[in-house]
Structure formats: structure tokens, C-alpha cells
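Down below is the structure, laid out as C-alpha cells.
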Amino acid sequence: MNRNKTIFVVDDEPDVRAALSMLIKSVGLQPEIYETPQAYLDAYDPERPGCLVLDMRMPGMSGLDLQEKLAGMGLHPPIIMISGHGEIPNAVQAVQSGAIDFLQKPVSDQLLLDRIQQALRLDEENRKNYHERKELEERYNMLTPREREVMQGVITGKLNKIIADELNVSTRTVEIHRSHVMEKMQAGSLSALVNMSSHIEECQT
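When you line the sequence shown up against my numbering, it's residues 1 to 205, in that order.
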């Protein structure tokens, strides 16, 4: 499961970076170490799977600052926040902003490894869902404006004749558009189309 997945570590303390790198390698995982959040951002590639072990307090851009920047970039690795300062408000902020956990230094090796495995599973699920949504959006974008109007009528349960009256077209025209909608959306049933529509609405909100 963890092949080609990277554990990104961002920490300004050399001893911590070295210890985390050794720990991650000891269980067959691949670490990638950064001294500053900006260095990580400069090399950031959203297509690379893995997780991010992030120090909360660093000079200049903090871990919380980096977390906020990544949140605005869409798909990014799940974050495990660590800190030598047990500040509850910052810990709460980190978790509320999407970090899967906040761990205080010195971090238990086993606890961190457990959280890393949890983060890798979450990243795999997030990426699967993200690419499914993107594919669904691409299908929807292939629909013509008229096909989208027909689709809206279909998913609300309206009969072809009602849709035709509302759009001032023939029932046969609605039938043709409806067929195109089902084909372009790759929907095998009305219920599947309704389900797709709800996911599209979520993506657009």
C-alpha cells in the first residue's frame, strides 16, 4: 500500500529531522526532509501521495501558516502536527483546520508511526475521491446548456412531456437530450444520475 508514498517532514531542528528520518526509514517508508515550510512549498507537487509531519513552531512561516496555505491548494497530504510547545489553542486550531492529530515532542515513536499509517490510508481515500470528482466534473462539462436543463428536469423526477413544455421543445427532443445526458455522464440508471448530480453540487459549493 505504501509503495511510492512519501513521508514529508518539515522541522527546523536538525536533530529532530535526523531522528524522524531514521525512524521512518526503519519501517520501510521513504522520508523527504525539509528545513523550512517555504522549502517544502517550493518543491510541492499535489500529485505526490503521502503525508506531512509538520512542526508547528518555526521561524518565519509557521506550521499553522503552511497548513493554511495548503488548505487553499485543494488536494494535499494529510498533516500530522508536532510541537515542543503544548499550547492547547494552537493544537485545537491545527486539528480544526484539518490536521489528523497534534503530537507533543518528544513524540512516541510507535504513536507517530501509527498516525503515519492512518494518514497514508486517509491520503489514499482522499485521492481516490478527488479524482472521481474531477472525472465527474469533466463529464458534466461535456454537456451542452440544453442537456444540463434536461438533466435538471430528469433528476427532479419530471416526465419528459413536462420538461418539454417547460423548455418549449418537443418531447422527442427531450428524449434525445436525455439519452445524450445518460451517455455522456456514463449513468446506467436514473438513480445513478441523481447520485452524480448531488456530488457535482457538492463540488460546486
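Using N, Cα and C, we set each Cβ at its ideal position, and we do this for glycine too.
Should residue 197 be labelled buried (16 or more other beta-carbon atoms within 10 Å of its own) or exposed?
buried
Closest Cα partner of residue 11 within the set 159, 4, 58
58
In chain order, which alpha helix (DSSP H) runs of at least 4 residues are fully inside the stretch 129-181?
145-155, 160-167
Would you call the stretch 17-34 and the stretch 85-104 in contact, with 3 or more CB pairs under 8 Å?
no
Going by beta carbon distance, what residues of the same chain come within less than 7 Å of residue 187, once the five residues before and after it are set aside?
193, 196
What do you reckon, are the CB atoms on residue 6 and residue 63 nearer than 7 Å?
no
Residues that residue 224 bridges to, as DSSP identifies them
Residue 224 is absent from the structure shown; the chain starts at 1 and stops at 205.
Cβ-based neighbour list, residue 150, same chain, cut-off 8 Å, excluding 5 preceding and 5 following
163, 167, 174, 177, 178, 181
Thinking residue 92 and residue 53 are a contact (beta carbons under 8 Å), I'd like their distance in whole angstroms, please.
In fact, because the Cβ distance is near 19 Å, the residues do not count as touching under 8 Å.
How big is the Cα-Cα spacing for residue 153 and residue 165?
11 Å
Any idea which residues DSSP pairs residue 104 with across the strands?
83
Once you ignore the five residues that flank residue 143 on each side, which residues in its own chain have a CB closer than 7 Å to its CB?
151, 181, 184
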